[in-house]
Amino acid sequence: MKKIFFLLITGLTVSVSHSQEVSDAIRYAQDNITGTARFRAMSGAFGAVGGDLSAITVNPAGSAIFSNNQLGVTFSNQNTKNNSNYFGTQTSNKDNSFILNQAGGVFVFHDHNPNNNWKKIAIGATYENTKNFDNSVFSAGTNPTNSIDNYFLSYANGIPLGDITGIPYRDQFYDEQQAYFGYKGYVINPVNNTPGNTQYISNVPAGGNYYHENQVYTNGYNSKASFNIATSFKDRLYLGANLNVHILDYRRSSSFYEDNDNPLQPTETISSLRFNNDLYTYGNGFSFQLGAIAKVTESFRLGLAYESNTWYDLYDEVSQSLYTTTQASGGQPINNSVNPNIVNVYKSYTLQTPGKTTFSAAYVFGKSGLISVDYSIKDYGNTKYKPTSDSGFRGVNNDISNQLTSNGELRVGAEYKIKQLSLRGGYRFEGSPYKNGTTIGDLNSYSGGLGYNFGATKVDLAYSYMERKSNQGFFDRGFTDGANITSKLNNVSLTLLFEL
Numbered sequence: 006m007k008k009i010f011f012l013l014i015t016g017l018t019v020s021v022s023h024s025q026e027v028s029d030a031i032r033y034a035q036d037n038i039t040g041t042a043r044f045r046a047m048s049g050a051f052g053a054v055g056g057d058l059s060a061i062t063v064n065p066a067g068s069a070i071f072s073n074n075q076l077g078v079t080f081s082n083q084n085t086k087n088n089s090n091y092f093g094t095q096t097s098n099k100d101n102s103f104i105l106n107q108a109g110g111v112f113v114f115h116d117h118n119p120n121n122n123w124k125k126i127a128i129g130a131t132y133e134n135t136k137n138f139d140n141s142v143f144s145a146g147t148n149p150t151n152s153i154d155n156y157f158l159s160y161a162n163g164i165p166l167g168d169i170t171g172i173p174y175r176d177q178f179y180d181e182q183q184a185y186f187g188y189k190g191y192v193i194n195p196v197n198n199t200p201g202n203t204q205y206i207s208n209v210p211a212g213g214n215y216y217h218e219n220q221v222y223t224n225g226y227n228s229k230a231s232f233n234i235a236t237s238f239k240d241r242l243y244l245g246a247n248l249n250v251h252i253l254d255y256r257r258s259s260s261f262y263e264d265n266d267n268p269l270q271p272t273e274t275i276s277s278l279r280f281n282n283d284l285y286t287y288g289n290g291f292s293f294q295l296g297a298i299a300k301v302t303e304s305f306r307l308g309l310a311y312e313s314n315t316w317y318d319l320y321d322e323v324s325q326s327l328y329t330t331t332q333a334s335g336g337q338p339i340n341n342s343v344n345p346n347i348v349n350v351y352k353s354y355t356l357q358t359p360g361k362t363t364f365s366a367a368y369v370f371g372k373s374g375l376i377s378v379d380y381s382i383k384d385y386g387n388t389k390y391k392p393t394s395d396s397g398f399r400g401v402n403n404d405i406s407n408q409l410t411s412n413g414e415l416r417v418g419a420e421y422k423i424k425q426l427s428l429r430g431g432y433r434f435e436g437s438p439y440k441n442g443t444t445i446g447d448l449n450s451y452s453g454g455l456g457y458n459f460g461a462t463k464v465d466l467a468y469s470y471m472e473r474k475s476n477q478g479f480f481d482r483g484f485t486d487g488a489n490i491t492s493k494l495n496n497v498s499l500t501l502l503f504e505l
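The opening position of the sequence shown corresponds to residue 6 in this note's numbering, with each subsequent residue numbered one higher.
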């Protein structure tokens, strides 16, 4: 890690990077099914279908399927429930949010010259909240063996005591700051009190059975604005391209609590502590997409789309505090506070998330309905923090390569029309991005919905259910125990469409 190089007023500091994790990269690399209600009702299986404002985000050639100009807006209500199991103790937490999920329009320009094989040009612009970060997870239980002291020890061992005590907090490396919290909060002690000491021991009583609570609140969004152009050749081959601008705003507030009832010692030891961490990540990114749809017959269509890597330019702000209670046998509890009241503001860095290739097929039953299948491939192992020459990123990039893998995503959708009424359903499966298959597990999602065509106006309603299991450590090193989380997401979306 590079040292802090500039100071600001009001307790802010500026440095190059803090300890990015594999989980941070995955958070911004994964996609959710969002968009119009019709798109969500069919689980996003629109790569060879087109003709929908959100289908453009899968295959940009889809805008050339439109016959008329169209504008639309979508609102969604998202309810998330997280069931936690931490060493046999079950807890549950819920979060609910209402968002503007999608808005956009497509304008179609027809060429009526019978001698021109290029029949139309479509130009579109869409906005989508591709990921809603509003969530809350609470875990509690008794850990039979491990304490958070291992977290502070993993950072402190190897750091001279003089660097912890002799350098102001705001001028320290990130790893020195973690050691600072452990030392100042009496969680760890140096083997000896000389400035050159580099070895530390725990001040938490041995014996196990540490009661833990971990509360994590997140909010924010990852949104995408797409600018689209597409054309058709003889109404048989459709080609399109997107330029995408991504905007990221993510906040996470976590609070970890530990206490123990182990026998008191003659000297003061830790009886309880609370460690608070706040992270704010924000920035923007860029990507592009290319796509094609071919009408093999009037009913059968094939689609192929490529989405490039997304290159994010991101900033992190981190603040931390630690509160501990120490007590010796025969003595009174002593409360200790380590709160520098400083926000570490870090220099920007680049995160490259992986590209995606989507293969699609659809069969259209005239005006009665359709069946569509999409299959996407994404190699999460290609995720990278940059500059790759930075020693602070070298380790996490190696972890990404070692832990993450390529996965597949299957989306199946169907639609059946009864005059002005449309009935829809879909299924989605996405494999784990982790080689172990458990840090973040497989995803299963089911969806359904209906729509009604009033002529120039259409109304669509969709419901989707998603479930995924995960087991991510509360911390990235030292103390990496975590709860088994089963996340269940229910979403209801309403779309209003207007043909011009």
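Don't be surprised by glycine CBs; every beta carbon is placed ideally from N, CA and C.
Keep in mind it's a predicted model, so treat the numbers as computed, not measured.
Other residues of its chain near residue i: CB distance less than 8 Å, five sequence neighbours each side excluded
| i | result |
| --- | --- |
| F238 | N122, W123, K124, L244 |
| I522 | Coverage of the chain is limited to positions 6 through 505, which leaves residue 522 absent and any answer about it impossible. |
| T15 | Since pLDDT at T15 reaches only 42, below the 50 mark, its modelled position is unreliable, and the value read off the structure follows with that caveat. Cβ within range, chain order: n/a, list empty. |
| T485 | G478, F479 |
Residue i, buried or exposed, once every other Cβ within 10 Å from all chains shown has been counted against 16
| i | result |
| --- | --- |
| K99 | exposed |
| H217 | buried |
| G212 | exposed |
| E133 | buried |
| Q25 | buried |
| H251 | buried |
| N247 | buried |
| R32 | buried |
| N197 | exposed |
| D379 | buried |
| G483 | buried |
| S276 | buried |
| T79 | buried |
| D266 | exposed |
| F114 | exposed |
6 Å CB neighbourhood of residue i in its chain, flanking five on each side removed
| i | result |
| --- | --- |
| K300 | R241, R306 |
| S292 | N249, S313, T315 |
| E322 | Y285, V348, V350 |
| N511 | Examination of residue 511 is not possible in this model, given that the chain is present from 6 through 505 alone. |
| L295 | A246, Y311 |
| N87 | N98, V142, I490, S492 |
Identity of the residue in the options nearest residue i by Cα
| i | options | result |
| --- | --- | --- |
| Y351 | Y320, S141, S81 | Y320 |
| K1 | I423, I193, D404, G413 | With the chain covering only 6 through 505, there is no way to say anything about residue 1. |
| E263 | N88, S28, G56, V209 | V209 |
| L166 | G146, I153, Y188 | Y188 |
| T330 | I298, T302, V192 | V192 |
| Y421 | Y368, N88, I153 | Y368 |
| V63 | A310, R256, I490, H117 | A310 |
| L269 | S207, G335, Y222, D116 | G335 |
| N489 | D481, N495, N476, L501 | N476 |
| L505 | I61, Q35, N73 | N73 |
| N289 | R256, Q408, I339, L356 | L356 |
| P271 | N227, N233, A333, S365 | A333 |
| T135 | T150, K463, G225 | G225 |
| I376 | G431, D318, S144, Y287 | G431 |
| S381 | D29, S89, G52, S28 | G52 |
| F364 | I104, Q220, L415, Q337 | L415 |
| S353 | A366, P392, P338, N346 | P392 |
| Y439 | L494, D395, S394, K383 | K383 |
CB of residue i within 8 Å of CB of residue j, strictly
| i | j | result |
| --- | --- | --- |
| S411 | G360 | no |
| S492 | E472 | yes |
| G110 | A130 | yes |
| S427 | L455 | yes |
| S59 | V417 | no |
| A461 | A46 | no |
| A215 | S152 | Correcting the residue type first, residue 215 is Tyr in the shown sequence and not Ala. Closer than 8 Å, so yes. |
| Y390 | Q425 | no |
| Q75 | F503 | yes |
| N341 | G190 | yes |
| L253 | N227 | yes |
Neighbourhood of residue i by C-beta distance below 7 Å, restricted to the same chain and skipping five residues each side
| i | result |
| --- | --- |
| S326 | N281, V343, N344 |
| N449 | F434, E472 |
| A235 | P65, A66, S68, A69, A127, Y243, L244, G245 |
| F186 | F157, Q325, L327, V343 |
| S258 | Y222, D283 |
| S102 | Q83, N137, D139 |
| A34 | T358, P359, Y385, T388 |
| N90 | A488, N489 |
Segment contact flag, the region 82-98 with the region 259-274, C-beta cutoff 8 Å, min 3 pairs
Verdict: no, contact absent.
Taking 8 Å as the cut-off, does the region 438-445 touch the region 38-47 (at least 3 CB pairs, one atom from each stretch)?
Proximity of the region 38-47 to the region 438-445 falls short of the contact definition, fewer than three beta-carbon pairs being nearer than 8 Å.
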